[in-house]
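Q:
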Amino acid sequence: MKRKLGFRHIETVHAIVLTGSVTGAAARLHLTQPAISNILRDAEERLGFVLFERRGGRLLPTPSADQLFEEIERSFIGLDSINACCERIQRNQLRHLSVACTPAFAAAVFPRLAAAYMHRSADVFLSVHSRDAHHVAALISSRKADIGFALEVPPVPGVESAVIAELPILCYLPPGHPLARQDEVTPEQLLGEPMISLSSIEGIEELVGAAFGDCGATPVPVAECPAAIAACGMVAGGIGFTLFDCLPAQIYDPARLSVKRFAASRRLTYRAYWPKSRTADFDPQPLVTLARDIMAEMAVKDF
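Everything in the sequence shown is counted per my numbering, starting at 703 for the first residue and increasing by one.
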């Protein structure tokens, strides 16, 4: 690439992806629509490929733009953190704690974790970043988050971790499903059922495949969803079943979906992650202990 992108190109691409239009990006960046169009055109000329396709009055990112956006967003987390720090200094709120966690953890565990921790540390300001497990570890490695909570991933250089929970796999079924009358569901009973699979990024797919190993087959997925919380929403809509741990069950109305024990010995391992060379004013252990206690309480609930 002979001519590199500048910051104005990057923030323009970021704004268009977020708003879906030149008009929205212009309003977000306080620029004119022609200016946004010119910046986008220049960015595509420099890159040598198209970033957006126009459909029904909206600009939809191409696969290349999606890939670029992931990298841009990591940079913007750092920039947003700097701006937030400036605002806290103005308010004399100097102690900032950045937490990265998976969507299911953010919805089911983090509210209780944050409440307990802030009760002990009233001067702390929390910022939360919801990502998949690998991105959680990456945010810790790049020091864009102080601590993370996610499913277990392979070791990452510069990152320490500790197990906080090992949760059994449960079966989430639509309300009124015939299998919902049972206390426990077996892999064999699910072979003919439509399945909502979870993203292979998290490693869930491998565990599910192993659970069905003795059957010689696996259910045919009718949909794939990267987040367990969203997958359970699809279950509640009657699309199919999904397999995950007890975290979504903490926040979903039992009338909307049925949660049953799954006859498999496989468990999902959760870890807390933090930088090896952390700052002197942050000790991760109180948060690790709180998370471990909260998840242990959730794990003993009978389904």
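We treat Cβ as the ideally placed atom computed from N, Cα and C, and that holds for glycine.
Note that the structure is a prediction, hence the values are computed from the model and not measured.
Name the DSSP bridge partner or partners of residue 827?
A: Partner(s): 798.
Q: Tell me which residue opens and which closes the alpha helix (DSSP H) that residue 724 is part of.
A: 724–731 is the extent of the alpha helix (DSSP H) around residue 724.
Q: Kindly indicate the opening and closing residues of the beta strand (DSSP E) around residue 945.
A: Residue 945 -> beta strand (DSSP E) spans 944–946.
Q: Whose C-beta lies closer than 8 Å to the C-beta of residue 730 among residues of the same chain, with five residues either side of it excluded?
A: Cβ within range, chain order: 717, 720 and 721.
Q: Inspect the beta-carbon positions of residue 693 and residue 864 and report whether they are closer than 8 Å.
A: No statement about residue 693 is possible, as the shown extent of the chain runs from 703 to 1005 and does not include it.
Q: Compare the beta carbon distance of residue 868 and residue 973 with 8 Å and say whether it is the shorter of the two.
A: Result no, Cβ atoms of residue 868 and residue 973 do not sit closer than 8 Å.
Q: With a threshold of 8 Å between beta-carbons, can residue 824 be considered close to chain D, or not?
A: Absent from the structure is chain D; it holds one protein chain and no more.
Q: Might you give, ordered along the chain, the residues of its own chain that have their beta carbon closer than 6 Å to the beta carbon of residue 966, omitting 5 neighbours on each side?
A: So the list reads 871 and 913, once near-sequence residues are dropped.
Q: Does DSSP put residue 750 in a helix, in a strand, or in coil?
A: DSSP places residue 750 in coil when its eight states are reduced to three.
Q: Would you identify the three-state DSSP class for residue 895, choosing helix, strand or coil?
A: In the structure shown, residue 895 sits in coil (DSSP, three-state: anything other than H, G, I, E or B).
Q: Nearest CA to the CA of residue 723: which residue from 842, 762, 846 and 951?
A: Of the candidates 842, 762, 846 and 951, the one whose C-alpha sits nearest the C-alpha of residue 723 is 762.
Q: Cβ atoms of residue 941 and residue 961: under 8 Å apart, would you say?
A: Cβ distance not < 8 Å, so residue 961 and residue 941 don't count as in contact.
Q: Would you report the Cα separation of residue 882 and residue 768, rounded to the nearest angstrom?
A: Their Cα atoms are separated by approximately 39 Å.
Q: Could you say if the stretch 798–817 and the stretch 928–943 meet the contact criterion of at least three C-beta pairs nearer than 8 Å?
A: Touching, per the Cβ criterion.
Q: Using three-state DSSP, classify residue 970 as helix, strand or coil.
A: Residue 970: strand per DSSP, three-state reduction.
Q: For the stretch 991–999 and the stretch 806–824, state whether three or more C-beta atom pairs, one from each stretch, are separated by less than 8 Å.
A: Touching, yes, given that three or more Cβ pairs across the two stretches are closer than 8 Å.
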